[in-house]
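Residue numbers for the sequence shown follow my numbering, so the first one is 20 and each next one is one higher.
For glycine and all other residues, C-beta sits at the position ideal for the given N, C-alpha and C.
Beneath this line is the structure, given in structure tokens, with notes to follow.
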Amino acid sequence: MTSITVNGGRCLKGDIFIQGSKNAALPMLAATLLNRGVTKLYGCPKITDVSRMLDILKSLGCDVSWENGCIRVDTSGASGHFVSEACAGQMRSTVFMMGAMLGRFGEVFIPYPGGCTIGKRPIDIHLDALRQMNVALVEDREGIYGCTKQILGTVIDLRYPSVGATENIILAAVTANGKTVINHAAKEPEIIDLCLLLNKMGADIHGMGTETIVIYGVEVLHDAEFTVSGDRIAASTYLAAAAVTCGNVCIFNVWEREIKSVLQVLAQMGCGIVIQNKRVRVIGPQMTFAVDQIHTRPFPGFPTDMQSQMMACLTMANGTSEIYEHVFEDRFKIAGELNKMGADITVDHQKATIRGIGQLHGAAVSACDLRGGAALVIAGLMAEGETTINNAFYVKRGYQDICGDLKFLGARIEERKAQVV
Numbered sequence: 020m021t022s023i024t025v026n027g028g029r030c031l032k033g034d035i036f037i038q039g040s041k042n043a044a045l046p047m048l049a050a051t052l053l054n055r056g057v058t059k060l061y062g063c064p065k066i067t068d069v070s071r072m073l074d075i076l077k078s079l080g081c082d083v084s085w086e087n088g089c090i091r092v093d094t095s096g097a098s099g100h101f102v103s104e105a106c107a108g109q110m111r112s113t114v115f116m117m118g119a120m121l122g123r124f125g126e127v128f129i130p131y132p133g134g135c136t137i138g139k140r141p142i143d144i145h146l147d148a149l150r151q152m153n154v155a156l157v158e159d160r161e162g163i164y165g166c167t168k169q170i171l172g173t174v175i176d177l178r179y180p181s182v183g184a185t186e187n188i189i190l191a192a193v194t195a196n197g198k199t200v201i202n203h204a205a206k207e208p209e210i211i212d213l214c215l216l217l218n219k220m221g222a223d224i225h226g227m228g229t230e231t232i233v234i235y236g237v238e239v240l241h242d243a244e245f246t247v248s249g250d251r252i253a254a255s256t257y258l259a260a261a262a263v264t265c266g267n268v269c270i271f272n273v274w275e276r277e278i279k280s281v282l283q284v285l286a287q288m289g290c291g292i293v294i295q296n297k298r299v300r301v302i303g304p305q306m307t308f309a310v311d312q313i314h315t316r317p318f319p320g321f322p323t324d325m326q327s328q329m330m331a332c333l334t335m336a337n338g339t340s341e342i343y344e345h346v347f348e349d350r351f352k353i354a355g356e357l358n359k360m361g362a363d364i365t366v367d368h369q370k371a372t373i374r375g376i377g378q379l380h381g382a383a384v385s386a387c388d389l390r391g392g393a394a395l396v397i398a399g400l401m402a403e404g405e406t407t408i409n410n411a412f413y414v415k416r417g418y419q420d421i422c423g424d425l426k427f428l429g430a431r432i433e434e435r436k437a438q439v440v
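Right under this line is the structure:
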């Protein structure tokens, strides 16, 4: 068990190259199963979720190596259809293995996926779609078993633009018999990356980034190389931290269009923003201002993965802000921890009201999910005195080296391992 200790009061300043995207890398790693050969992915972040996905691939007989920033996956020897409970219970992203394993083996068993405690996150949208593609599914206490003699292309109308369901359908449809159409598809940049990788492997996918994606099934895929895009949530987290520490930080390796909704909120808070190609700079003001309302939405709306961090930022803004969470019902758990640091936050169902205060104070707090942990780091940067964030393993699920990055920008922050007694 580890903790993160932050001593607040420092302005963050400097330029930093952002890590590869967690939310893009994980489905891409699942996609390697569909190629009966070698796939090379450059720029994958060195985070625990990626390591766990590699463990799953190894358990299926894949040969995996990670050298000089490149993950090489050789799936020529892959076999089986079983994901262990130990792997599935650690992260949500094991659900991506359903579409990939059905496409490769025609069979899959996966225990119910775990991960952060931010809501129910039902996978019924995934399962309904797979059933429409000629997959027989059985659910019991242990998990979900699926099998098919042949995945069949079809028209799928998603009732909600679920990122995970869209990606699972794509993975299943790539080698399906016939044409698959996904209506009301998710438009997140990570889906575009997944489709670009698959197309380099020989898939025939069109319309990614729009609400209608069309996949023509192909018989086989081939070897390919691909570079994972920068992590828009990690970039937004660091820019938000710069905003509330009167900082001046430039992030390399992120497109403005991918974080536009976050930049709009930072601008409302009084930040200066400079954009040049894949560089985004945020200049924090002496005093930040409240934002009337923030509503989390699917892309291109404000991302739910930045809601907790923005809540932390608004605790010291001048005025009262409201955040409405429309994606995950339990993502306000961090409010109680922020209140331990002196924040004034009240939660009423899916609305959080944040009344700006003069100063946060350091305290011992605990992360209960990945982005909530990042929010507590931001709060610690703002606070007077020392903040200790327990359960730091949550943060390591999505940030390659948050302590090292922030220290490089001038923060006083350390990761501490629990002492063995």
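Distance between residue j and residue i (C-alpha atoms, nearest Å)
| i | j | result |
| --- | --- | --- |
| Phe318 | Ile35 | 25 Å |
| Ser248 | Glu275 | 13 Å |
| Glu341 | Gly391 | 17 Å |
| Ala286 | Ser255 | 13 Å |
| Val92 | Thr372 | 46 Å |
| Tyr257 | Phe128 | 38 Å |
| Gly99 | His241 | 21 Å |
| Gly183 | Val114 | 8 Å |
| Leu190 | Ala119 | 5 Å |
| Ile376 | Cys422 | 26 Å |
| Cys135 | Asn410 | At Cys135, the pLDDT of 41 sits below 50, so the modelled position is not reliable and the matter cannot be decided from this model. |
| Gly122 | Arg160 | 24 Å |
| Ile278 | Gln38 | 15 Å |
| Phe412 | Thr21 | 7 Å |
| Ala382 | Lys436 | 18 Å |
| Ile90 | Met306 | 44 Å |
| Phe271 | Leu282 | 15 Å |
| Asp74 | Thr339 | 46 Å |
| Phe101 | Leu79 | 8 Å |
| Thr231 | Gly27 | 46 Å |
| Arg140 | Ala204 | Caution applies to Arg140, whose pLDDT of 49 falls short of 50 and renders its modelled position unreliable; the model cannot decide the point. |
| Leu45 | Met330 | 27 Å |
| Lys77 | Pro180 | 31 Å |
| Asn87 | Ile364 | 45 Å |
Identity of the residues DSSP links to residue i by a beta bridge
| i | result |
| --- | --- |
| Tyr343 | His314 and Lys370 |
| Lys198 | Tyr235 |
| Ser84 | Arg91 |
| His380 | Glu403 |
| Glu158 | Ile163 |
| Asp363 | Arg374 |
| Asn337 | Phe308 |
| Asn409 | Ser385 |
| Gly249 | Gly39 |
| Leu171 | Asn196 |
| Phe101 | Phe128 |
Residue i and residue j closer than 8 Å at C-beta
| i | j | result |
| --- | --- | --- |
| Tyr61 | Ala253 | no |
| Leu177 | Val193 | no |
| Ile211 | Ile201 | no |
| Ala354 | Val366 | yes |
| Lys359 | Val384 | yes |
| Leu400 | Gly33 | no |
| Glu126 | Cys81 | no |
| Leu31 | Gly404 | no |
| Leu171 | Ala195 | yes |
| Val239 | Gly221 | yes |
| Cys332 | Ile397 | yes |
| Val284 | Val310 | yes |
| Leu389 | Ala362 | no |
| Ser95 | Arg55 | yes |
| Arg24 | Ile432 | The sequence shown places Thr at residue 24, rather than the Arg named in the question. A contact, by the Cβ cut-off of 8 Å. |
| Thr323 | Arg298 | no |
| Gly236 | Lys206 | no |
Range covered by the alpha helix (DSSP H) that runs through residue i
| i | result |
| --- | --- |
| Phe62 | Looking at the sequence shown, residue 62 is not Phe but Gly. Counting along the chain, Gly62 falls outside any alpha helix (DSSP H), and DSSP gives it neither H nor E. |
| Phe427 | Ile421 to Phe427 |
| His145 | Asp143 to Gln151 |
| Ala243 | Counting along the chain, Ala243 falls outside any alpha helix (DSSP H), though it belongs to the beta strand (DSSP E) covering Ala243 to Thr246. |
| Phe128 | Careful: Phe128 lies outside any alpha helix (DSSP H), inside the beta strand (DSSP E) at Glu126 to Ile129. |
| Phe412 | Phe412 to Lys415 |
| Ala184 | Val182 to Ala192 |
| Pro208 | Pro208 to Lys219 |
Where the beta strand (DSSP E) containing residue i begins and where it ends
| i | result |
| --- | --- |
| Tyr235 | Thr231 to Tyr235 |
| Ile23 | Thr21 to Asn26 |
| Ser385 | Ala383 to Ser385 |
| Lys436 | Arg431 to Lys436 |
| Tyr164 | Ile163 to Cys166 |
| Asp223 | Asp223 to His225 |
| Ile175 | Val174 to Asp176 |
* Asked: Quick one: complete alpha helix (DSSP H) runs, 4+ long, within the segment 252-308?
  -> Fully enclosed alpha helix (DSSP H) runs of 4 or longer: 279-287.
* Let me know the alpha helix (DSSP H) ranges lying completely inside the segment 33-76, each 4 residues or longer, listed in chain order. => Fully enclosed alpha helix (DSSP H) runs of no fewer than 4 residues occupy 41-50 of the segment 33-76, in order along the chain.
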